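In the working numbering, the protein residues as written are 211 to 346.
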Amino acid sequence: MKLPLIAVIVMSLAACAQTPSQRDIASMSGVEMYESLCASCHGAEGKGDGPVAPLIKIPVPDLTRIAHRDGGEFPTEDVRRTIDGRFDRPAHGARDMPVWGWQFYNSTSLNDAAERARVDALIDRLVVYLRSIQAE
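Written as structure tokens, this is what we have:
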């Protein structure tokens, strides 16, 4: 019984160690960003079954059902705000998901507006990808 838990911990540490650099992220598509940053928790297909999911206190959401949970419409702005950290669901408990808006942001940038626009463009790539995987 301890062996699977150890395997999950090792996989999660490996996933953290492979976090791409800012330069790498800038050149990634939405699917590549998802695979590098999100799949360890949400799973390769977005169903909430990634290798790290068992370690998280609340069930990891199935990202292929976002539109379904929102009455059939994909809530673009809510998804964007969830990824960048502006939208939290306090009823669900503590935020276990990384705040990618802060993770992507380069605080050494001398142009805050340009840096925010760059981060928004990165997050938009993820949002477009998530919209594309919605189950019918």
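Beta carbons are placed, not taken as given, at the ideal position from N, Cα and C, and that holds for glycine. Computed from a predicted structure; not experimentally measured.
Taking all protein chains shown into account, do 16 or more other C-beta atoms lie within 10 angstroms of the C-beta of residue i, making it buried, or fewer, making it exposed?
i      : result
VAL338 : exposed
GLY282 : exposed
SER239 : exposed
LEU320 : exposed
ALA249 : buried
Quick one: what's got a C-beta closer than 7 Å to residue i's C-beta in the same chain, skipping five residues either side?
i      : result
ASP280 : none
ILE235 : MET243, PHE314 and LEU332
Give the C-beta separation of residue i and residue j to the nearest angstrom, bearing in mind that I take them to be a contact with Cβ-Cβ under 8 Å.
i      : j      : result
LEU340 : PHE314 : Wrong, their Cβ atoms sit about 16 Å apart, outside the cutoff.
ALA277 : GLN232 : About 31 Å; that fails the 8 Å criterion.
In its own chain, which residues sit with a C-beta less than 6 Å from the C-beta of residue i, not counting the 5 before and 5 after it?
i      : result
CYS251 : GLY260, VAL262, ALA263 and VAL270
LEU273 : HIS252, GLY256 and LEU340
What is the DSSP secondary structure of residue i, reduced to helix, strand or coil?
i      : result
ALA345 : coil
SER317 : coil
VAL329 : helix
MET238 : coil
SER246 : helix
For residue i, which residues from the same chain have a beta carbon less than 8 Å from its beta carbon, with the 5 sequence-adjacent residues on both sides left out?
i      : result
GLU325 : TYR315, ASN316 and SER319
Quiz item: Which runs of the alpha helix (DSSP H), 4 residues or longer, sit entirely within the region 248-302?
Solution: 249-252, 276-279 and 286-294
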